[in-house]
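Engineer:
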Amino acid sequence: MTVITDCPGTDSEDAGKTSACQGCPNQAVCASALPKAPDPAVEEIRERLSSVKHKLLVLSGKGGVGKSTVTAQLAFGLARHEDTQVGVLDVDICGPSIPRVMGLEGEQVHQSGSGWSPVYVEDNLGVMSVGFLLASPDDAVIWRGPKKNGLIKQFLRDVDWGELDYLVVDTPPGTSDEHLSIVQYLSSAGLDGAVIVTTPQEVSLLDVRKEINFCKKVHLPVVGVVENMSGFICPSCQGESQIFPPTTGGAEKMAADMGVPFLGKLPLDPRIGKCCDEGKSFLSVEPESLAAKAYKEVIQRVEEFCSSHSNKENVLNPVE
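For the sequence shown, position 4 matches number 4 in UniProt numbering, and the numbering has no gaps at all.
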C-alpha cells in the first residue's frame with residue numbers, strides 16, 4: 001500500500017522524488033537540479049494590487065456550503081457605503097457562479113490599454129470571473145492545473161481594479177492548485193486573511209478543519225469562520241428549525257477548539273436563494289429580516305478585522 005505524504009517542498013533533496021510527487025505537473029522541474037528562480041509575476045502582482053487596501057479570500061472545505069452566496073452578500077454589504085470601493089474576483093475556474101448571483105450573467109470583459117476592466121454591478125462594486133469569458137453559461141471548463149494557474153495569474157496581474165478598499169476573492173472548495181496559486185501570487189501583496197464558510201454538520205466541519213490547517217501551513221491569517229445554513233427561518237412566522245443539526249457543537253465549538261475567530265451564524269432563508277437566482281442583494285431586498293441582520297453582524301466583524309490590520313503589512317512567507 002502506497003502512503004501519500006505531503007509535498008516535500010522545492011528546496012528539499014526529495015523534491016520530485018516522493019510518492020506525493022507522482023502525477024504533479026511540476027515533478028520533472030522539481031526533480032531536476034536547476035535552481036528555482038522566483039516567479040516575476042509575484043512582484044508584478046504586488047505592484048498591480050498596491051492600490052487595493054484589503055484583500056480577503058473566501059474559502060470552504062467542501063462544496064455546497066454557500067461560499068459564493070456568502071462572497072456575494074459580503075461584497076454587497078461592504079459596498080453599502082457609496083464611498084467604499086469593492087471588487088470581487090472569482091477564481092472558481094470550473095464552477096464560476098459569481099456572475100449569476102451578482103446579476104451579471106451574459107456580461108463580457110472589455111480590455112483597455114491599462115488591462116482588463118471589471119464588470120460593474122454598481123459604480124463602486126466591480127467583478128471579474130472566468131464566467132465572463134465563456135460563450136455560454138453551460139460551457140464546461142475542462143482544464144488541468146497549470147492552465148488554471150495561468151488564468152489566476154492573469155486575473156491578478158492584468159485586471160485594472162483602480163483604487164479599491166476591499167478585494168474579495170471567491171475560491172473553489174478544497175485546498176488544491178487554485179488555493180496554492182492565489183496565496184503564492186499574493187504572498188507579497190498584503191493578504192489580510194481568509195473567511196472560511198461551513199455548515200453546522202460534522203461532515204462539513206471535517207473538511208473545514210483541513211482548510212484551517214491549510215491556512216496555518218501557508219501562514220494565512222483566518223479572519224474567522226462563518227456557519228452558514230444555521231437553522232431554517234420561516235419567512236412567514238419567523239420560526240426556526242434545525243435542518244442541519246450541529247451534532248458535534250457546530251462551527252462555533254470547532255473554531256474555539258482550533259483557536260480561530262468565529263464570525264457568526266447565518267440562517268437558512270429561502271429568500272436568500274431567490275435573490276441569488278435573480279442576482280440581487282439580499283441585504284437590500286430584505287433588510288429587516290433575521291438573516292439580513294445576521295449577515296450585517298458578520299460583515300461588521302470582517303470590517304473590524306480589516307480595520308485593526310490596516311496599519312500592519314501582512315506579507316506571507318513564500319509558498320513552496
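Glycine residues also receive a C-beta, built at the ideal position from the N, C-alpha and C atoms. Fair warning: this is a prediction, and the values are worked out from it, not measured in the lab.
#1: Please name the residue in Gly23, Cys7, Gln27 whose C-alpha comes closest to that of glycine 16.
#2: Since serine 188 and arginine 46 are thought to touch, with beta carbons under 8 angstroms apart, how far apart are those beta carbons, to the nearest angstrom?
#3: Which runs of the alpha helix (DSSP H), 4 residues or longer, sit entirely within the stretch 145 to 203?
#4: Check whether the stretch 218 to 226 and the stretch 194 to 203 are in contact - that is, three or more C-beta pairs closer than 8 angstroms.
#5: Where in the stretch 19 to 87 do unbroken runs of the beta strand (DSSP E), each at least 3 residues long, occur, reported from the N-terminal end onward?
#6: Output the boundary residues of the beta strand (DSSP E) element that contains isoleucine 233.
#7: Just to confirm my understanding: we take methionine 1, look at its own chain, exclude 5 residues before and 5 after, and list those with CB closer than 6 angstroms. What are they?
#8: Look at the alpha carbon of aspartate 83 and the alpha carbon of aspartate 269, and state the distance between them as a whole number of angstroms.
#9: DSSP state of valine 130, grouped into three classes?
#10: Does the Cβ of glutamate 278 have 16 or more other Cβ atoms within 10 Å, making it buried, or fewer, making it exposed?
#11: Using the Cα positions of glutamine 201 and valine 52, report the straight-line distance between them to the nearest angstrom.
#12: Leaving out the 5 sequence neighbours to the left and right, which residues in its chain are closer than 6 angstroms to glycine 131 when beta-carbon positions are compared?
#13: I'd like the list of long-range same chain contacts for glutamate 43, defined as Cβ closer than 8 angstroms, with 5 residues on each side in sequence excluded.
#14: Taking 7 angstroms as the limit between beta carbons, can you name the residues of its chain near asparagine 149, skipping five residues before and five after?
#15: Leaving aside the five residues before and after valine 3 along the sequence, list all residues of the same chain whose C-beta is less than 8 angstroms from its C-beta, in chain order.
#16: Given a cut-off of 8 angstroms, decide if alanine 72 and valine 101 are closer than it, judged by their beta-carbon atoms.
#17: Roughly how many angstroms separate the alpha carbons of phenylalanine 262 and glycine 113, rounded to a whole number?
#18: In the DSSP assignment, the alpha helix (DSSP H) including valine 285 goes from what residue to what residue?
#19: In the DSSP assignment, what are the bridge partners of phenylalanine 262?
#20: I need the straight-line Cα distance from valine 159 to leucine 89, nearest angstrom please.
#21: To the nearest whole angstrom, what separates the beta carbons of leucine 104 and valine 119, a pair I think is in contact under 8 angstroms?
#22: Identify, in the order they occur along the chain, each residue of the same chain with its Cβ nearer than 6 angstroms to the Cβ of serine 241, setting aside the five sequence neighbours on each side.
#23: Using DSSP with H/G/I as helix, E/B as strand and the rest coil, what is glycine 90?
#24: Touch check for the stretch 135 to 143 and the stretch 55 to 68: three-plus C-beta pairs under 8 angstroms?
#25: Name the two residues that bound the continuous alpha helix (DSSP H) containing valine 119.
#26: Please determine, among Val70, Asp207, Val203, Lys280, the residue with the shortest C-alpha to C-alpha distance to threonine 247.
#27: Enumerate in chain order the residues of its own chain whose CB-to-CB distance from valine 109 is below 6 angstroms, with the five nearest sequence positions on each side excluded.
#28: Going by CA-CA distance only, name the one from Asp257, Val183, Ala135 that's closest to isoleucine 152.
#29: Do tryptophan 143 and isoleucine 212 have their C-beta atoms closer together than 8 angstroms?
#30: Residue range of the beta strand (DSSP E) that serine 112 falls in?
Structural biologist: So, from the data block:
#1: Residue numbering aside, residue 16 sits at position 16 when the sequence shown is read from its first letter. Nearest C-alpha to glycine 16: Gln27.
#2: Residue mapping note: residue 188 aligns to position 188 of the sequence shown, counting from 1. Residue mapping note: residue 46 aligns to position 46 of the sequence shown, counting from 1. Confirmed, Cβ separation roughly 5 angstroms.
#3: 145 to 158, 177 to 185
#4: yes
#5: 52 to 60
#6: Indexing the sequence shown from 1 puts residue 233 at position 233. Counting along the chain, the beta strand (DSSP E) containing isoleucine 233 begins and ends at 222 to 233.
#7: Mapped onto the sequence shown, residue 1 falls at position 1. Bear in mind that the predicted position of methionine 1 carries a pLDDT of just 38, short of 50, making it unreliable; the figure below should be weighed with that in mind. Cβ neighbours of methionine 1 beyond the five flanking positions: none.
#8: Mapped onto the sequence shown, residue 83 falls at position 83. Mapped onto the sequence shown, residue 269 falls at position 269. About 30 angstroms.
#9: As a working mapping, residue 130 is identified with position 130 in the sequence shown. Here valine 130 sits in helix by DSSP.
#10: The residue given as residue 278 occupies position 278 in the sequence shown. So glutamate 278 counts as exposed.
#11: On the sequence shown, position 201 is the one that residue 201 refers to. On the sequence shown, position 52 is the one that residue 52 refers to. Roughly 36 angstroms between the two C-alpha positions.
#12: Sequence index remark: in the sequence shown, residue 131 carries index 131 (1-based). Excluding sequence neighbours, glycine 131 sits near Pro96, Pro99.
#13: Counted from its first residue, the sequence shown places residue 43 at position 43. Only Ser188 meet the Cβ criterion.
#14: Indexing the sequence shown from 1 puts residue 149 at position 149. Correct list, in chain order: Asp177, Ser181.
#15: The residue given as residue 3 occupies position 3 in the sequence shown. In this prediction, valine 3 has a pLDDT of 40, which is less than 50 and means its spatial position is unreliable; what the coordinates show is noted afterwards. Closer than 8 angstroms at Cβ, skipping near neighbours: Ser19.
#16: By one-based count along the sequence shown, residue 101 stands at place 101. By one-based count along the sequence shown, residue 72 stands at place 72. Going by C-beta atoms, valine 101 is nearer than 8 angstroms to alanine 72.
#17: The residue you call residue 262 lines up with position 262 of the sequence shown. The residue you call residue 113 lines up with position 113 of the sequence shown. Roughly 43 angstroms separates the two Cα atoms.
#18: For this step, residue 285 is matched to residue 285 along the sequence shown. Looking at the DSSP string, the run of the alpha helix (DSSP H) that includes valine 285 is 282 to 285.
#19: Along the sequence shown, read from residue 1 onward, the residue named residue 262 stands at position 262. BP columns for phenylalanine 262 point to Val225.
#20: Here residue 159 refers to the residue found at position 159 when the sequence shown is read from its first residue. Here residue 89 refers to the residue found at position 89 when the sequence shown is read from its first residue. Spanning the two alpha carbons is a distance of roughly 10 angstroms.
#21: Numbered from its first residue, the sequence shown carries residue 104 at position 104. Numbered from its first residue, the sequence shown carries residue 119 at position 119. Right, the Cβ-Cβ distance comes to about 5 angstroms (below 8 angstroms), so this counts as a contact.
#22: Here the question's residue 241 lines up with position 241 in the sequence shown. Closer than 6 angstroms at the Cβ level, and outside the excluded window around serine 241, lie Phe232.
#23: Taking the first residue of the sequence shown as 1, we reach residue 90 at position 90. Residue identity differs from the one stated: residue 90 is aspartate in this sequence, not glycine. Aspartate 90: strand per DSSP, three-state reduction.
#24: no
#25: Position 119 of the sequence shown holds residue 119. Element bounds for valine 119: not the alpha helix (DSSP H) but the beta strand (DSSP E), 119 to 122.
#26: Taking the sequence shown and counting its residues from 1, one reaches residue 247 at position 247. It is Val203.
#27: Stepping through the sequence shown from its first residue, residue 109 is reached at position 109. Once the five neighbours on either side are set aside, the close Cβ partners of valine 109 are Trp116, Phe132.
#28: Mapped onto the sequence shown, residue 152 falls at position 152. Checking every option, the nearest Cα to that of isoleucine 152 belongs to Val183.
#29: Reading the sequence shown from its first residue, position 143 is the one you call residue 143. Reading the sequence shown from its first residue, position 212 is the one you call residue 212. No. Outside cutoff.
#30: One-based indexing of the sequence shown puts residue 112 at position 112. Per DSSP, serine 112 belongs to the beta strand (DSSP E) from 110 to 112.
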